[in-house]
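Written out below as structure tokens is the structure these notes cover.
Numbering (our numbering), first residue to last: 103 to 166.
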């Protein structure tokens, strides 16, 4: 569970990133070429697809 714990810690730390860093990243992405924005979007979709569940989870209350 090292990887899961590491991701949780990184997510927690991300909440404390200064507003100026967040604004800087937003400005960089906004000013980047359309091709770069499309690649970032494709990367984000790829990551989401990789983390999604393989199948539909059964309704837990049917087990009781």
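Ideal Cβ placement from N, Cα and C applies to all residues, glycine included.
Practice task
With DSSP collapsed to three states, give me the class of residue 159.
Solution key: coil
Practice task
May I have the straight-line CA-CA distance separating residue 150 from residue 134, to the nearest angstrom?
Solution key: 22 Å
Exercise for the section: Can you tell me which of the three DSSP states residue 130 falls into? Expected result: helix
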